[in-house]
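Enquirer: Residue numbers (my numbering): 7 to 56.
Structure in structure tokens, see below.
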């Protein structure tokens, strides 16, 4: 289950990259927040808690 959550978070991370004109003004904030979530989930998976 942890690997599945990790894959979903990585896909969300890729999807959050600012590619469209309306989202370029947001900067990399959504991507950086999902990056933090990815790191947290990765640590939990590696520790065996998820």
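We treat Cβ as the ideally placed atom computed from N, Cα and C, and that holds for glycine.
1) Can you find the residues in the same chain that come closer than 8 Å, C-beta to C-beta, to residue 16, ignoring five residues on each side of it along the sequence?
2) Does residue 54 come out as helix, strand or coil in the three-state DSSP assignment?
3) For the alpha helix (DSSP H) containing residue 12, list its first residue and its last residue.
4) Around the Cβ of residue 40, are there at least 16 other Cβ atoms within 10 angstroms (buried) or fewer (exposed)?
5) Using three-state DSSP, classify residue 31 as helix, strand or coil.
Expert: So, from the listed chains and residues:
1) The answer, listed in chain order, is 44.
2) Looking at residue 54 - three-state DSSP - the assignment turns out to be coil, as it is neither helix nor strand.
3) Going by DSSP, residue 12 is part of the alpha helix (DSSP H) stretching over 8-21.
4) Burial call: buried.
5) Note: residue 31 maps to coil in three-state DSSP.
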